[in-house]
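This report refers to the structure that appears directly beneath it.
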Amino acid sequence: MIDAIKRAATEAVNAAGPVLVQLGIVEKINPLVVLVDNRLSLTEDFLIVPETLSEQKITIGIQEYVIRKPLATGDKLLLIRMQGGQRYVIMDRVVSA
228 MIDAIKRAAT EAVNAAGPVL VQLGIVEKIN PLVVLVDNRL SLTEDFLIVP ETLSEQKITI
288 GIQEYVIRKP LATGDKLLLI RMQGGQRYVI MDRVVSA
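Quick note: the working numbering has the sequence shown finishing at residue 324, numbered continuously throughout.
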(Lines of atoms letter the chains of each structure in order from A and count residues from 1; the text may use other names and numbers.)
(Lines give C-alpha, C1' and ligand atoms only; values in the text may rest on other atoms or scores of the structure.)
Protein backbone atom coordinates (compact mmCIF):
# COMPACT_ATOMS: atom_id res chain seq x y z
CA MET A 1 0.00 0.00 0.00
CA ILE A 2 2.79 2.43 0.91
CA ASP A 3 4.60 1.63 -2.34
CA ALA A 4 1.45 2.39 -4.33
CA ILE A 5 1.11 5.78 -2.58
CA LYS A 6 4.78 6.60 -3.23
CA ARG A 7 4.43 5.62 -6.89
CA ALA A 8 1.26 7.73 -7.27
CA ALA A 9 2.96 10.73 -5.65
CA THR A 10 6.02 10.39 -7.91
CA GLU A 11 3.84 10.15 -11.01
CA ALA A 12 1.85 13.23 -9.94
CA VAL A 13 5.02 15.29 -9.50
CA ASN A 14 6.41 14.15 -12.86
CA ALA A 15 3.12 14.90 -14.61
CA ALA A 16 3.08 18.43 -13.22
CA GLY A 17 6.49 19.12 -14.77
CA PRO A 18 8.44 20.51 -11.80
CA VAL A 19 10.79 23.46 -12.15
CA LEU A 20 14.04 22.58 -13.93
CA VAL A 21 17.30 24.55 -14.28
CA GLN A 22 18.91 24.33 -17.75
CA LEU A 23 21.62 25.99 -19.82
CA GLY A 24 21.01 27.63 -23.18
CA ILE A 25 22.82 29.56 -25.89
CA VAL A 26 21.50 32.60 -27.76
CA GLU A 27 21.17 31.54 -31.42
CA LYS A 28 19.57 34.69 -32.78
CA ILE A 29 18.76 38.14 -31.43
CA ASN A 30 15.97 39.63 -33.50
CA PRO A 31 13.71 37.76 -32.97
CA LEU A 32 15.27 36.17 -29.89
CA VAL A 33 15.90 32.42 -30.21
CA VAL A 34 17.63 30.37 -27.48
CA LEU A 35 18.90 26.82 -28.00
CA VAL A 36 18.43 24.60 -24.91
CA ASP A 37 20.38 21.35 -24.52
CA ASN A 38 21.44 21.49 -28.20
CA ARG A 39 18.02 20.23 -29.27
CA LEU A 40 15.22 22.65 -28.34
CA SER A 41 14.96 26.11 -29.93
CA LEU A 42 12.87 28.52 -27.87
CA THR A 43 11.41 31.67 -29.42
CA GLU A 44 10.46 34.90 -27.63
CA ASP A 45 6.95 33.52 -27.04
CA PHE A 46 8.34 30.96 -24.59
CA LEU A 47 10.94 33.17 -22.89
CA ILE A 48 10.74 35.65 -20.04
CA VAL A 49 13.65 38.08 -20.32
CA PRO A 50 14.52 40.21 -17.27
CA GLU A 51 15.31 43.91 -17.56
CA THR A 52 18.87 43.22 -16.38
CA LEU A 53 19.62 41.60 -19.75
CA SER A 54 18.38 44.58 -21.75
CA GLU A 55 20.68 47.34 -22.93
CA GLN A 56 20.90 50.36 -20.68
CA LYS A 57 22.81 53.53 -21.52
CA ILE A 58 23.48 56.71 -19.59
CA THR A 59 24.73 60.07 -20.76
CA ILE A 60 27.34 61.94 -18.75
CA GLY A 61 28.01 65.35 -20.23
CA ILE A 62 28.02 64.74 -23.96
CA GLN A 63 29.36 61.18 -23.75
CA GLU A 64 27.01 58.16 -23.80
CA TYR A 65 28.04 55.00 -21.92
CA VAL A 66 26.61 51.48 -22.05
CA ILE A 67 26.27 50.31 -18.45
CA ARG A 68 24.41 47.13 -19.25
CA LYS A 69 24.95 45.28 -22.51
CA PRO A 70 22.07 43.43 -24.21
CA LEU A 71 22.00 39.76 -25.07
CA ALA A 72 24.23 38.81 -27.98
CA THR A 73 24.47 35.78 -30.25
CA GLY A 74 26.55 33.09 -28.53
CA ASP A 75 25.79 34.22 -24.97
CA LYS A 76 25.42 31.28 -22.57
CA LEU A 77 22.34 31.56 -20.37
CA LEU A 78 20.99 30.07 -17.17
CA LEU A 79 17.31 29.24 -17.66
CA ILE A 80 14.60 28.00 -15.34
CA ARG A 81 11.79 26.00 -16.90
CA MET A 82 8.57 26.95 -15.16
CA GLN A 83 6.24 24.31 -13.82
CA GLY A 84 4.40 22.71 -16.73
CA GLY A 85 7.31 23.26 -19.11
CA GLN A 86 5.69 25.90 -21.34
CA ARG A 87 7.74 28.99 -20.36
CA TYR A 88 11.38 29.61 -19.47
CA VAL A 89 12.77 32.43 -17.34
CA ILE A 90 16.23 33.64 -18.35
CA MET A 91 18.03 34.18 -15.05
CA ASP A 92 21.38 35.55 -16.24
CA ARG A 93 24.38 35.08 -18.49
CA VAL A 94 26.76 32.26 -17.56
CA VAL A 95 30.50 32.93 -17.46
CA SER A 96 31.54 29.27 -17.27
CA ALA A 97 29.61 26.04 -17.08
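Each residue gets a CB set at the ideal place from its N, CA and C atoms; glycine is no exception.
Should residue i and residue j be called a contact, given that it needs their Cβ atoms to be closer than 8 Å?
| i | j | result |
| --- | --- | --- |
| Met309 | Val246 | yes |
| Pro297 | Glu282 | yes |
Whose C-beta lies closer than 8 Å to the C-beta of residue i among residues of the same chain, with five residues either side of it excluded?
| i | result |
| --- | --- |
| Ile307 | Val246, Leu247, Val248, Gln249, Tyr315, Val316, Met318 |
| Glu291 | Lys284, Ile285 |
Could you please give me the residues that DSSP links to residue i through a beta bridge?
| i | result |
| --- | --- |
| Leu274 | Tyr315 |
| Ile307 | Val248, Val316 |
DSSP on residue i, reduced to helix/strand/coil?
| i | result |
| --- | --- |
| Ile289 | coil |
| Ile252 | strand |
Since residue i and residue j are thought to touch, with beta carbons under 8 Å apart, how far apart are those beta carbons, to the nearest angstrom?
| i | j | result |
| --- | --- | --- |
| Ala299 | Val260 | Going by Cβ atoms, the distance from Ala299 to Val260 rounds to 13 Å, so no, they are not a contact pair. |
| Leu262 | Ser268 | 6 Å |
In its own chain, which residues sit with a C-beta less than 6 Å from the C-beta of residue i, not counting the 5 before and 5 after it?
| i | result |
| --- | --- |
| Leu305 | Met318, Asp319, Val321 |
Would residue i count as contacting chain C if we go by Cβ distances under 8 Å?
| i | result |
| --- | --- |
| Lys233 | Chain labels in this structure do not include chain C; a single protein chain is all it has. |
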